[in-house]
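S.K.: Below you'll find the structure I mean.
In the numbering used here, the protein residues as written are 12 to 212.
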């Protein structure tokens, strides 16, 4: 997509070019940025995910797509500082959505979903214990274990439109029937969310 990532001071001054890229998030607790870069065009695109040190410009590749594919949007990413969730769509009769978890310190890549159906994945964030990814998959809401061992459906919250997820406080910020709400998961899910720790059934 030929995008460019810029960085600047908090007051908007001292803007400078960091690196080519189409999406970026800060690497928590480090002076690094995680960048998604889409390469190619038309029906022959691939993408890479890498970190860039904002002081030295040094780059480290975290993930490189192993084949060309036709992509209509920038892959969705979310990091908690230790792990990076990565999702993207691939073409097909019904469409396929793929979800991975990348361990940033070791480079280990764990597939969390093999795709299927036409549903997209919207990554919302991580729980405070860094064990669970919160995501909307094909319109349904889930906690997904970091190793892909199990998915826990959030059926009590399935009719809500999510805006954002705060992993540190385990709160959802939602839009429901024309109003905004903050939902504490401990209260909303009761015994299914004891002390901020989920158990695989």
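All residues carry an ideal CB built from backbone N, CA and C; glycine is no exception. Model, not experiment: these values are computed from the prediction.
Nearest-angstrom Cα distance between residue 162 and residue 24?
M.R.: The straight-line gap from Cα to Cα measures roughly 44 Å.
S.K.: Where does residue 39 fall in DSSP's three states?
M.R.: Correct three-state label for residue 39: coil.
S.K.: From 123, 91, 41, pick the residue whose C-alpha is nearest to that of residue 139; which is it?
M.R.: Among 123, 91, 41, the Cα nearest to that of residue 139 is on 91.
S.K.: Whole-angstrom Cβ separation of residue 16 and residue 27, contact assumed at under 8 Å?
M.R.: Between residue 27 and residue 16 the Cβ distance is about 10 Å, and since that is not below 8 Å, they are no contact.
S.K.: How about residue 182 and residue 190: do their beta carbons lie closer than 8 Å?
M.R.: Not a contact, by the Cβ cut-off of 8 Å.
S.K.: Measure the CB-CB distance between residue 65 and residue 44 and report whether it falls below 8 Å.
M.R.: Yes, these two residues count as a Cβ contact at 8 Å.
S.K.: Nearest-angstrom Cα distance between residue 68 and residue 30?
M.R.: So the two alpha carbons sit approximately 8 Å from each other.
S.K.: Hey, out of 155, 135, 88, 109, whose CA is closest to residue 38's CA?
M.R.: Ranking 155, 135, 88, 109 by Cα distance to residue 38 puts 88 first.
S.K.: Would you say residue 162 reaches chain C, if we count a Cβ-Cβ gap shorter than 8 Å as a contact?
M.R.: Annotation note: the requested chain C is absent from the structure, which comprises a single protein chain.
S.K.: For residue 40, which option in 111, 93, 124 has the closest C-alpha, if you only look at C-alpha atoms?
M.R.: Looking at the Cα atoms, 93 is the closest of the given residues.
S.K.: For residue 159, which residues in the same chain have their Cβ closer than 8 Å to its Cβ, ignoring the five residues on either side in sequence?
M.R.: Cβ within range, chain order: 112, 121, 122, 123, 124.
S.K.: Can you name, in chain order, every residue of its own chain whose Cβ lies under 7 Å from the Cβ of residue 133, other than the five neighbours on each side?
M.R.: The answer, listed in chain order, is 87, 146, 147.
S.K.: Assuming contact is defined by CB atoms lying nearer than 8 Å, are residue 70 and residue 61 in contact in what I supplied?
M.R.: Cβ distance < 8 Å, so residue 70 and residue 61 count as in contact.
S.K.: Among the candidates 136, 141, 150, whose CA atom is the shortest distance from the CA of residue 184?
M.R.: With distances taken between Cα atoms, residue 184 lies closest to 136.
S.K.: Check residue 94 in the structure and name its three-state DSSP category.
M.R.: Strand at residue 94.
S.K.: Under the assumption that residue 48 contacts residue 33 (Cβ atoms under 8 Å), give the Cβ distance between them as a whole number of angstroms.
M.R.: Contact holds; Cβ gap of about 6 Å.
S.K.: At a cut-off of 7 Å, is residue 31 close to the ligand GTP when judged by its beta-carbon and the heavy atoms of the ligand?
M.R.: As presented, the structure is devoid of all ligands, the ligand GTP included, so that no description of it is given.
S.K.: Does DSSP classify residue 34 as helix, strand or coil?
M.R.: Strand, per DSSP.
S.K.: Anyone know if the C-beta pair for residue 73 and residue 118 falls short of 8 Å?
M.R.: For residue 73 and residue 118, yes; Cβs fall inside 8 Å.
S.K.: For residue 153, I'd like the list of residues in its chain whose CB is within less than 8 Å of its CB, leaving aside the five on either flank, ordered along the chain.
M.R.: Only 145, 146, 147, 162, 163, 164, 165 meet the Cβ criterion.
S.K.: Taking all protein chains shown into account, do 16 or more other C-beta atoms lie within 10 angstroms of the C-beta of residue 193, making it buried, or fewer, making it exposed?
M.R.: By the 10 Å Cβ count, residue 193 comes out exposed.
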